[in-house]
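Colleague: In my numbering, the protein residues as written are 33 to 252.
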Ligand code: GAR
């Protein structure tokens, strides 16, 4: 039997995306195992999820390192020791340097709570409401040297309602994050993702829904 894909999941916060990945690895919809969870934040709620699921985790506190590169070098050493194949950023709130990027070429994914390239950066649910967009959503993309600029793997769209605030929109988006991140990881595990320039091609292709979304609705 061939060796399962080994994931290194990087987290900074509560870890609901981590939880969805744990659950989907357990039920077999992701054919991979979590080799290591790394956090920069000793208080991350995600660590309790690791304890409960009996998954190896390690805290590397970024405040102990003089530079981003030194911090990243520690993470690379830990990920290599755990024989990680794919690095999964799941609410990891640090910019990564070329040290991590070069160690895992084409093998780092991130999830972002907006429809990139709209609203890169932080507090993007609030920015989407303030801007007045009718749709927002989430994006899983490969990581490159820019801020939320890498090739896009999968996106989910949600409506922005007149009654929304940052919390309600974030919750609606998060629900979709938990669906699309496991799917992106499984496509990677199946060896079906090919990066061509800015585009990620899926082989064999999946049949997309051709239905358009209109919000507010045209009638009713
Ligand atoms: C998620 O909404 C994720 O998309 C976002 O942080 C949240 C983490 O939630 N990531 C970013 O904003 C990255 N710039 P979680 O800890 O419950 O998975």
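From the three backbone atoms N, C-alpha and C, an ideal C-beta is built for every residue, glycine too.
Treat the numbers as computed from the prediction; the structure is a model and nothing was measured.
By Cβ distance, which residues of its chain are closer than 7 Å to residue 215, with the 5 residues on each side in sequence left out?
Modeller: Numbered from its first residue, the chain shown carries residue 215 at position 183. Counting only Cβ-Cβ distances below 7 Å, and skipping sequence neighbours, we find 186.
Colleague: For the region 74–81 against the region 39–48, are there 3 or more C-beta pairs whose distance is under 8 Å?
Modeller: Yes, since at least three Cβ pairs between the region 74–81 and the region 39–48 fall closer than 8 Å, the two stretches touch.
Colleague: Round the Cβ separation of residue 49 and residue 135 to the nearest angstrom and send it over; I've been treating them as touching at under 8 Å.
Modeller: Mapped onto the chain shown, residue 49 falls at position 17. Mapped onto the chain shown, residue 135 falls at position 103. Contact flag wrong, Cβ pair sits at about 22 Å.
Colleague: For residue 191, does the three-state DSSP call read helix, strand or coil?
Modeller: As a position in the chain shown, residue 191 is number 159, starting the count at 1. Of the three classes helix, strand and coil, the one that applies to residue 191 here is strand, per DSSP.
Colleague: Write down the C-beta distance between residue 160 and residue 146 rounded to the nearest angstrom, noting that I regard them as a contact closer than 8 Å.
Modeller: Along the chain shown, read from residue 1 onward, the residue named residue 160 stands at position 128. Along the chain shown, read from residue 1 onward, the residue named residue 146 stands at position 114. About 6 Å; that satisfies the 8 Å criterion.
Colleague: Rounding to the nearest angstrom, what Cα-Cα distance links residue 171 and residue 236 in this structure?
Modeller: Numbered from 1 along the chain shown, position 139 holds the residue referred to as residue 171. Numbered from 1 along the chain shown, position 204 holds the residue referred to as residue 236. Near 21 Å, if we compare the C-alpha coordinates of residue 236 and residue 171.
Colleague: Is any non-hydrogen atom of the ligand GAR found closer than 8 Å to the C-beta of residue 43, if you look at the structure I gave you?
Modeller: As a first step, residue 43 must be located in the chain shown, where it is residue number 11. Yes, the ligand GAR has a heavy atom inside 8 Å of this Cβ.
Colleague: Within the continuous alpha helix (DSSP H) that includes residue 162, where are the two ends?
Modeller: The sequence position of residue 162 within the chain shown is 130, counting from 1. Element bounds for residue 162: 156–163.
Colleague: Pull up the CB-CB distance for residue 54 and residue 120, whole angstroms please, since I reckon it's below 8 Å.
Modeller: As a working note, residue 54 is residue 22 in the chain shown. As a working note, residue 120 is residue 88 in the chain shown. Actually they do not touch by this definition, with Cβ atoms about 11 Å apart.
Colleague: Are the CB atoms of residue 205 and residue 169 within a distance shorter than 9 Å?
Modeller: Within the chain shown, residue 169 is the residue found at index 137, counting from 1. Within the chain shown, residue 205 is the residue found at index 173, counting from 1. Closer than 9 Å, so yes.
Colleague: To the nearest angstrom, report how far apart residue 105 and residue 68 are at their CA atoms.
Modeller: As a position in the chain shown, residue 105 is number 73, starting the count at 1. As a position in the chain shown, residue 68 is number 36, starting the count at 1. For residue 105 and residue 68, the distance between alpha carbons rounds to 16 Å.
Colleague: Quick check: does the Cβ of residue 73 come within less than 8 Å of any heavy atom belonging to the ligand GAR?
Modeller: Working through the chain shown from its first residue, we reach residue 73 at position 41. No - the ligand GAR has no heavy atom lying nearer than 8 Å to the Cβ of residue 73.
Colleague: Please state if the CB of residue 183 and the CB of residue 231 are separated by a distance shorter than 9 Å.
Modeller: Position 199 of the chain shown, counting from 1, holds the residue named residue 231. Position 151 of the chain shown, counting from 1, holds the residue named residue 183. Their beta carbons are under 9 Å apart, which means residue 231 touches residue 183 by this criterion.
Colleague: Are the Cβ atoms of residue 150 and residue 165 separated by less than 9 Å?
Modeller: The sequence position of residue 150 within the chain shown is 118, counting from 1. The sequence position of residue 165 within the chain shown is 133, counting from 1. For residue 150 and residue 165, yes; Cβs fall inside 9 Å.
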